[in-house]
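Residue numbers (UniProt numbering): 1 to 223.
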């Protein structure tokens, strides 16, 4: 299964989506910083499951309609940063879609996540990640789950990895850094957390119009 996660930088990279879907044969596309009002119903062979509507910078999930049936999609509010309070609305930072995989005959959960910006503390982002995992657990306890997105967490990842492991999830980084717009802010901002899914490969894709580089996650069911 191939999942692409891409922060569109205020929708600036939206014209690249069809090309990404075609080139990498994506099964799922998870977006951050999308303009929900401008999103098409389909991107190549992918259909829009749903998007957030209460955010300036929206989240969205597309899925391969030949392989999956979308069962439910839910958006969640997470703890707000000062940035969120000043530049509202920015309360929905997680969207999750439960899919039925007709090829495998089983359900899975995929989520698009966007943590608070770098003006917030890492401790707040850790709380957001913990809450996001708890919300996903409440939706789909025990089924394979993949959460991708912009975690805004470029340093101190060993501490984050330990905490995510304690939550029962696995943290996976791509082969190259995903953000390098400013010299001081470089590193892996976009990555993956998962449970009951094996990570075969996580690859950073070539740079486009966004300040983030998309990541391509190749994953399989563990059991």
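A virtual CB, placed ideally from N, CA and C, is assigned to each residue, including glycine.
Cβ pair residue i, residue j closer than 8 Å
i	j	result
residue 60	residue 112	yes
residue 173	residue 128	no
residue 171	residue 204	no
residue 53	residue 209	no
residue 7	residue 25	no
residue 98	residue 139	yes
residue 179	residue 211	yes
residue 153	residue 115	yes
Of the residues the options, the one placed nearest residue i, counting alpha carbons only
i	options	result
residue 45	134, 23, 164	23
residue 142	218, 148, 134	134
residue 227	131, 167, 109	Summary: the structure shown does not reach residue 227, with the chain confined to residues 1 through 223, and so no result is reported for it.
residue 175	215, 158, 167, 155	215
residue 30	55, 56, 12, 2	2
residue 118	187, 168, 207, 164	187
residue 12	136, 207, 71, 217	207
Residue i, buried or exposed, once every other Cβ within 10 Å from all chains shown has been counted against 16
i	result
residue 87	Note on residue 87: pLDDT 48, under 50, position unreliable in the model; no value is reported.
residue 121	exposed
residue 151	buried
residue 64	buried
residue 220	exposed
residue 21	buried
residue 38	exposed
residue 68	buried
residue 27	buried
residue 145	buried
residue 189	buried
residue 93	buried
residue 76	buried
residue 149	buried
Three-way DSSP call (helix, strand, coil) for residue i in this model
i	result
residue 215	strand
residue 65	coil
residue 169	coil
residue 142	coil
residue 3	strand
residue 188	coil
residue 19	helix
residue 131	helix
residue 11	coil
residue 207	coil
Whole-number beta carbon distance between residue j and residue i, since they are thought to touch under 8 Å
i	j	result
residue 73	residue 101	Between residue 101 and residue 73 the Cβ distance is about 16 Å, and since that is not below 8 Å, they are no contact.
The ligand HEM heavy atom lying under 7 Å from the CB of residue i
i	result
residue 118	No copy of the ligand HEM occurs in the structure displayed, which carries no ligand at all.
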